[in-house]
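Chains as they are written, first to last, in full-length UniProt numbering: chain A, 1 to 89; chain H, 1 to 540.
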Amino acid sequence: MIVEKLTIKNKTGLHARPATLFVETAKKFKSKILVEKEGKKVDAKSLIGILSLGVEQGQDIVIHVEGPDEKEAFEELKRMIDSGLGEGE
Amino acid sequence: MGIVLKGIGIGNKISIGKVFLYNKEKIEFSQEKDELPFEIKIRQLEESIEDVRRELEELYKSIKETFPREAEIFLFHKGILEDEYVIEKIKSYLAEGYSLVYSIERAFNEIKSEFEGMEQELFRERAKDIEDVEERLLKKILNINTSSLSSLPYPCIVVAKDLTPSDTANLDFINLLGFVTEEGSITSHTAILAQAFNIPAVVGVRGIIDQVKKAEEIIIDSGEGLVILNPTEEEKHFYSIKKDEKDKISRELIKFRDLPAITSKGRRIKVFANIGSEKEAEIAINMGAEGIGLFRTEFIFLDRNDPPSEEEQFRIYKRVAEIFKDKPVIIRTLDIGGDKEIPYLKLEKEKNPFLGVRGLRLCLLERELFKVQLRAILRASVFGNIWIMYPMVAIKEEVEEANKILEEVKQEFENEGKTFVRNIKVGIMVEIPSIALSLEEVIDIIDFVSIGSNDLIQYTFAADRTNEKLRYLYIPNHRAVVSLIKNVVDVCHKFGKEVGVCGEIAGDEEYVPLLVDLGVDELSMAPSKIPVIKKKIIEL
Chain A
1 MIVEKLTIKN
11 KTGLHARPAT
21 LFVETAKKFK
31 SKILVEKEGK
41 KVDAKSLIGI
51 LSLGVEQGQD
61 IVIHVEGPDE
71 KEAFEELKRM
81 IDSGLGEGE
Chain H
1 MGIVLKGIGI
11 GNKISIGKVF
21 LYNKEKIEFS
31 QEKDELPFEI
41 KIRQLEESIE
51 DVRRELEELY
61 KSIKETFPRE
71 AEIFLFHKGI
81 LEDEYVIEKI
91 KSYLAEGYSL
101 VYSIERAFNE
111 IKSEFEGMEQ
121 ELFRERAKDI
131 EDVEERLLKK
141 ILNINTSSLS
151 SLPYPCIVVA
161 KDLTPSDTAN
171 LDFINLLGFV
181 TEEGSITSHT
191 AILAQAFNIP
201 AVVGVRGIID
211 QVKKAEEIII
221 DSGEGLVILN
231 PTEEEKHFYS
241 IKKDEKDKIS
251 RELIKFRDLP
261 AITSKGRRIK
271 VFANIGSEKE
281 AEIAINMGAE
291 GIGLFRTEFI
301 FLDRNDPPSE
311 EEQFRIYKRV
321 AEIFKDKPVI
331 IRTLDIGGDK
341 EIPYLKLEKE
351 KNPFLGVRGL
361 RLCLLERELF
371 KVQLRAILRA
381 SVFGNIWIMY
391 PMVAIKEEVE
401 EANKILEEVK
411 QEFENEGKTF
421 VRNIKVGIMV
431 EIPSIALSLE
441 EVIDIIDFVS
451 IGSNDLIQYT
461 FAADRTNEKL
471 RYLYIPNHRA
481 VVSLIKNVVD
491 VCHKFGKEVG
501 VCGEIAGDEE
511 YVPLLVDLGV
521 DELSMAPSKI
531 PVIKKKIIEL
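Following this line, the structure appears as structure tokens:
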């Protein structure tokens with residue numbers, strides 16, 4: 001299991017389009033992926049769940065990944081977040 | 001006699017036709033429990049989700065080329081639709097014996113209320129998207145056709161509360177005879193769209209939605225701002241004659257479309273168009289525009305949740321530049337203020353937004369936003385003849401500051417080895433009396449001037465133009481306004497700079513002779529006005 005803290009860098013946070021992209025990426029993997037913010041944990045494959053965290057720019061989230069492809073899943077999600085979830089130029 | 005309602009007419013045409021009521025009203029509740037077997041309800045749910053999923057994918061595909069940012073909303077909605085968390089919630093209510101409609105409503109209501117309780121406005125507002133998806137799903141189950149303006153069932157006049165850019169993303173022009181909206185003003189989306197496409201419209205018609213439910217046929221006279229519901233045979237006859245006359249005039253006018261506007265004294269006036277989108281650029285060139293005098297870029301920034309990227313803006317500016325080739329395209333940098341809701345900008349509520357942080361003032365505070373726009377414009381500059389125009393300038397220092405930022409962007413481009421037009425023309429809008437009276441101070445650091453007459457008049461008389469009670473203070477030919485315009489024209493000409501007018505009066509036959517007389521070089525107007533104004537100038 002991988003548990004790691006990441007900072008959301010893109011301007012609107014985990015909002016409409018970036019959140020959609022994030023969820024779509026998570027869905028590509030078999031592993032169970034949870035996103036945690038301030039103690040609230042949601043399924044990374046649920047768009048409603050991700051949106052309900054209300055993650056804004058500069059805030060931290062903790063990602064929990066467990067499953068057969070956990071390493072790849074984590075790497076890919078980290079890469080997406082670091083590159084600004086489609087909002088970076 | 002039919003019922004007559006009055007509103008603000010856009011254009012000068014008549015339409016007679018059947019009503020198409022475009023409404024987005026809420027669906028009524030149905031029974032809570034029913035006897036249908038669980039498996040059947042589950043299958044119905046899954047089939048409906050699949051249908052809506054396909055519908056959203058189709059919508060996305062159909063507009064992704066022309067309206068990429070609106071298209072993304074549909075992908076977002078698809079994401080909500082496919083959410084297992086929602087589907088499981090619905091299924092759990094079905095398992096308790098509740099009806100399909102009730103289960104969906106209950107599940108969605110719970111989710112919506114969770115969002116409505118969120119602190120951040122941006123996230124709170126997503127409740128509306130969730131509701132949108134719910135509505136689509138319910139309509140599918142209840143077999144209610146989602147009314148769409150992209151395929152109208154018959155030739156008709158569309159009646160709606162108000163229309164947003166996404167409602168009109170894919171209009172069925174073949175069957176569209178006109179628009180009537182309950183809300184809206186001369187600057188609303190419907191009004192601008194109607195003007196650009198030369199479709200008769202009457203906006204701001206109070207009570208139309210209630211009244212129209214009893215009407216099958218209506219007449220709209222956009223020249224008079226009238227809507228007649230259930231017209232009598234006599235009225236239909238009268239208006240069809242009036243319609244023929246007007247159509248004949250507009251056919252004759254079309255001849256002037258491609259002529260240069262030269263007065264009898266031999267002065268050539270450039271006739272340009274005001275636009276707000278790529279689509280309008282195509283219409284403008286077809287209507288005989290010799291350039292774009294005002295490209296309102298704010299539409300790219302409104303009705304969305306995050307700012308448009310450099311790439312997205314670049315593509316739009318490039319496209320318009322390509323349509324106009326060597327003809328000038330004057331791009332006005334972002335011109336918005338606190339009166340607009342732009343979630344990603346978090347604008348402060350101001351007591352007096354029209355005297356607040358707006359136009360260039362906002363861009364000088366939101367530098368990143370401004371720089372992204374300037375980058376997009378510079379990148380597009382090599383594809384045509386683009387000029388940059390700053391709105392809402394009050395004093396010289398603001399222009400100096402803006403030019404400094406532009407210079408920074410140019411430096412960055414040079415360092416990055418990007419190609420762009422280094423000596424791109426830069427001008428200002430004159431719409432505040434202070435700059436109209438001190439233009440000499442700034443004229444040597446700009447290449448051209450465009451007079452924004454709507455705001456110039458409003459700021460001269462300190463009177464809100466949209467306030468009915470103050471309509472008497474909208475006096476374009478008052479000596480106060482005339483002397484301001486005269487001063488601007490004189491200063492420009494003394495320093496060899498071009499001066500245009502891009503407000504409402506530039507497309508108004510009544511005031512065009514005055515503007516030509518004052519020495520204005522260019523007039524910029526709604527595309528549909530071009531033929532009539534060219535005719536007016538030629539006959540001067």
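Ideal Cβ placement from N, Cα and C applies to all residues, glycine included. Remember, predicted model here, so these are calculated numbers, not experimental data.
- Distances from the CA of H/G11 to each of H/I388, H/K327, H/F179 were compared; the closest alpha carbon is that of H/F179.
- In this structure, H/A462 keeps its C-beta atom at 9 Å or more from the C-beta atom of H/S381.
- Note on geometry: alpha-carbon atoms of H/S250 and H/N230 lie some 27 Å from one another.
- For A/L77, there are no C-beta contacts with chain H under 9 Å, since the nearest C-beta of that chain is about 16 Å from it.
- When DSSP states are grouped into helix, strand and coil, H/K161 belongs to the coil group.
- Cβ atoms of H/I428 and H/V449 come within 8 Å of each other, at about 6 Å.
- Exposure of H/R267 is indicated by the presence of fewer than 16 other C-beta atoms within 10 angstroms of its C-beta.
- Among the residues facing chain A, H/F370 is not included, as its CB has no counterpart in that chain under 9 Å away.
- Across the stretch 79-99 of chain H, CB contacts with chain A closer than 7 Å involve G79, I80, D83, E84, Y85, V86, in sequence order along the chain.
- Selection A/T25, A/M80, A/D60, A/E75 evaluated against A/I2 yields A/E75 as nearest (Cα-Cα).
- CA-CA distance, H/V372 to H/P308, rounds to 9 Å.
- The Cβ neighbour count for H/D444, taken over all protein chains shown within 10 Å, is under 16; the residue is labelled exposed.
- Closest by C-alpha distance to H/R304, out of H/L122, H/V501, H/K248, H/L347, is H/L122.
- The closest CA to that of H/Q211, considering only H/G337, H/I3, H/K536, H/R471, is found on H/I3.
- Within the stretch 40-52 of chain A, the residues whose Cβ lies closer than 9 Å to any Cβ of chain H are, in chain order, V42, D43, K45, S46, L47, I48, G49, L51, S52.
- H/S185 places its beta carbon less than 9 Å from that of H/I8.
- Assignment of H/P513 by DSSP, reduced to helix, strand and coil, places it in the helix class.
- Around the C-beta of H/D455, 16 or more other C-beta atoms lie within 10 Å, and the residue is accordingly described as buried.
- Among the CB atoms of chain H, one or more fall inside 9 Å of the CB of A/H15.
- H/G338 counts as buried, since at least 16 other C-beta atoms from the protein chains shown sit within 10 angstroms of its C-beta.
- The Cβ atoms of H/I87 and H/L45 sit closer than 9 Å to each other.
- Setting aside the 5 residues that flank it on each side, H/V205 is surrounded in the same chain by L5, K6, G7, V180, T181, E182, V227, each with a C-beta closer than 8 Å to its C-beta; the list follows chain order.
- Taking one beta carbon from each stretch, the stretch 22-31 of chain A and the stretch 91-104 of chain H have fewer than 3 pairs nearer than 8 Å; the two do not touch.
- Three or more Cβ pairs closer than 8 Å define a contact, and the stretch 189-197 of chain H falls short of that threshold against the stretch 508-524 of chain H.
- For A/G54, the nearest CB of chain H lies under 9 Å from its own CB, placing it at the interface with that chain.
- Residue pairing of H/P328 in beta bridges, as defined by DSSP: H/N385.
- Separation of the CB atoms of H/H77 and H/D132 is rounded to 6 Å, and the pair is thereby assigned contact status at 8 Å.
- Residue state for H/N274 is assigned as strand, using DSSP reduced to three classes.
- Out of H/D464, H/I451, H/E119, the CA that lies nearest to the CA of H/K486 is found in H/I451.
- DSSP places H/S450 inside the beta strand (DSSP E), whose first and last residues are 448-451.
- In this structure the stretch 110-119 of chain H does not touch the stretch 53-65 of chain H; the number of beta carbon pairs closer than 8 Å is below three.
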